[in-house]
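Chains A and B, in that order, give the protein sequences.
Reminder that position 221 of the first sequence reads as 221 in full-length UniProt numbering, one-by-one numbering, no gaps.
Reminder that position 156 of the second sequence reads as 156 in full-length UniProt numbering, one-by-one numbering, no gaps.
The beta carbon of each residue, even a glycine, is placed where N, CA and C say it ideally should be.
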Amino acid sequence: MGDSQYSFSLTTFSPSGKLVQIEHALTAVGSGQTSLGIKAANGVVIATEKKLPSILVDETSVQKIQILTPNIGVVYSGMGPDSRVLVRKSRKQAEQYHRLYKEPIPVTQLVRETAAVMQEFTQSGGVRPFGVSLLVAGFDDKGPQLYQVDPSGSYFSWKASAMGKNVSNAKTFLEKRYTDDMELDDAVHTAILTLKEGFEGQISGKNIEIGIIGSDKVFRVLTPAEIDDYLQEVE
Amino acid sequence: MIREAMEMPPKGGFSFDLCKRNDMLVKKGLKEPSFLKTGTTIVGLIFKDGVILGADTRATEGPIVADKNCEKIHYMAPNIYCCGAGTAADTEAVTGTHNFCSLSRCNQHVPFYFICLFSANFILQWLFLDMVSSQLKLHRYHTGRESRVVTALSLLKSHLFSYQGYVSAALVLGGVDVTGPHLHTIYPHGSTDTLPFATMGSGSLAAMAVFESKYREGLTRDEGVKLVSEAICSGIFNDLGSGSNVDICVITQGEKEYLRNHMLPNPRTYISEKGYSFSKKTEVLRTKITPLREMVEVIEGGDAMEE
């Protein structure tokens, strides 16, 4: 296609009006491990597969779901190292906001600032876009919120969303199962079922990660034992 | 180019660009505003299960008491607190610049370097403790571990050293972490001591006299609180720069108790029963009340617009 001539440089538009590097970044995300998020009436749940490259890897040392502030957590699909950089920047921005305004940063503000960072890397020389999409889950004065941020820097608020491999199946499944008045526990069950859909192998507390935030406004990652409990309920 | 892509450490410290100009102004006969020290008594001691910090609550501006009940025990981390001498821990006075790089810019806009330094001192100390507490928080997120007292100590002392003593923060830092209870004193130039009991501020000698005579290892919580209260009271009654009430903070493994105004040894005792009457009042000629917002009643379920 004529586009391929314009795919080498990030800062050059192709004739069709696309920035091809960003498309490639989205492809990188699409080949990452599945992750999803569901917004319930009284909380948010985010979950991801934790497929390790070999059984020799110590799975307790890997944590894909990260906490940004006491009431906001994030999960990614795509390149892990890129997500670490974004998590670090977001944490710092959240803390600076808190120092200046003496209130915990609202979820929308943090998402906006993270998206701004991602956009910067699509419009500068010598850098490449981030190869991750983030799902940010938080609970503030406006209630539970779930945002997805893409490598281009665009963000949307979702009731339920999925990213990574198997995204179309997962989204269809979520569309069927999602109800507006879902409780947090139901949402966790739905999340597990959605992950199970496309999971290769035996699902257990050791190869998925789930993070929840309820009306207590405290984000936490579930322990493998708690995940196993939920898995048993699902079966 | 992106600034974040190459993160240069911020150039800390004051900008002394205006020193020559200020010297010239002084030679021409300008009177420099003098530095004013605020008095304080702050103490800390290690007891059987942890650390107890204590402070008085008077903030002075020269001979005037600016705040009769200010907070001198500052939060650093859930398990670490810090008492500050020389601080006007008056949160309403904060103007909000927590970025020390901007201080050098600030110097150029303010006509008198000395005034900026004087007022900046108080705000600076409070801001700088806040900044270290933020750094500790980010460090906790990154490592997933509880903060250690020595971490706070290193961050505080390296900051103070880079300001070469111009941030007049004399601190008593105490906390309990995985390695046990710790108590340190930090001087404005950045030197530190590690002690089982410590006092700082203008009332430090009065408080130290109490500690030296009554401290022993292995105090219980109640004995420790009583001893700290005594030491602070000694500072309150014998030092002009300290006064009002006693604040205490007890930190143990996994738990902390902030006893704000644990003792109030200076209550306002005499209030005239007759009350006060002030003559020569302004005569009220007319009263008119205008509500800023009209109260509107919404009646639901009436005959709404038909489809």
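- Under a 10 Å Cβ-count criterion, C249 of chain B is classified as buried, with 16 or more other Cβ atoms of the shown protein chains found around its own Cβ.
- Looking at the DSSP output, H184 of chain B bridges to B:L173 and B:T194.
- Between the alpha carbons of L68 of chain A and F47 of chain B lies a distance of about 36 Å.
- By the beta-carbon neighbour count (other beta carbons within 10 angstroms, threshold 16), Q63 of chain A is exposed.
- Flagged as an interface residue toward chain A: S134 of chain B, by a C-beta distance shorter than 7 Å.
- CA-CA distance, E183 of chain A to I251 of chain B, rounds to 39 Å.
- Taking the Cβ atoms as the reference, T48 of chain A lies roughly 5 Å from E209 of chain A, within the contact range of under 8 Å.
- Between the segment 191-206 of chain B and the segment 166-176 of chain B, the count of C-beta pairs closer than 8 Å reaches three or more; the two stretches touch.
- CA-CA distance, D49 of chain B to G218 of chain B, rounds to 8 Å.
- For Y163 of chain B, no Cβ of chain A is located within less than 7 Å of the residue's own Cβ.
- Secondary structure at K39 of chain A: strand, using DSSP grouped into helix, strand and coil.
- At a cut-off of 7 Å, the C-beta of L138 of chain B has a neighbouring C-beta in chain A.
- D247 of chain B: not part of any alpha helix (DSSP H); member of the beta strand (DSSP E) spanning V246 to T252, first to last residue.
- Of the candidates A:R220, A:L222 and A:A160, A:A160 places its Cα closest to the Cα of T194 of chain A.
- Distance from A137 of chain A to V44 of chain A at the Cβ level is roughly 4 Å; contact confirmed, criterion being Cβ atoms closer than 8 Å.
- For S152 of chain A and C19 of chain B, the gap between their C-alpha atoms comes out near 49 Å.
- Ranked by Cα distance from Q109 of chain A, the first of A:P129, A:F121, A:G80 and A:V149 is A:V149.
- Remark: fewer than three beta-carbon pairs, one from each stretch, lie closer than 8 Å, so the segment 15-24 of chain A and the segment 168-182 of chain A are not flagged as touching.
- Chain B has no Cβ within less than 7 Å of the Cβ of R220 of chain A.
- If you keep only unbroken beta strand (DSSP E) runs of at least 3 residues inside the segment 141-173 of chain B, you get nothing at all.
- Within 9 Å of the CB of R91 of chain A, the CB atoms of chain B belong to K137, L138, Y141 and H142, in sequence order along the chain.
- For E95 of chain A, the chain B residues whose Cβ falls inside 7 Å of its Cβ are S134, K137 and L138, in order along the chain.
- CA-CA distance, I42 of chain B to P63 of chain B, rounds to 20 Å.
- A straight line joining the alpha-carbon of S158 of chain B with that of Y166 of chain B spans about 13 Å.
- Rounded to whole angstroms, the separation of the alpha carbons of H142 of chain B and R112 of chain A is 22 Å.
- Straight-line measurement puts the Cα of I299 of chain B at about 36 Å from the Cα of R286 of chain B.
- Counted as a single uninterrupted DSSP element, the alpha helix (DSSP H) harbouring M208 of chain B occupies residues S204 to K214.
- Around the beta carbon of R21 of chain B, a 10 Å sphere encloses fewer than 16 other beta carbons of the protein chains shown; the residue is thus reported as exposed.
- Distance from the CA of T40 of chain B to the CA of L10 of chain A, rounded to the nearest whole angstrom, comes to 59 Å.
- Taking a beta-carbon distance threshold of 7 Å, R177 of chain A does not count as an interface residue toward chain B.
- Here the alpha carbon of G275 of chain B sits roughly 14 Å from the alpha carbon of T269 of chain B.
- Its Cα nearest to that of L53 of chain B, the residue B:R221 stands out among B:L240, B:T290 and B:R221.
- Setting aside the 5 residues that flank it on each side, E146 of chain B is surrounded in the same chain by A77, P78, N79, R140, D177 and V178, each with a C-beta closer than 8 Å to its C-beta; the list follows chain order.
- With a beta-carbon spacing of about 6 Å, Q33 of chain A and S77 of chain A fall inside the 8 Å limit used to define contacts.
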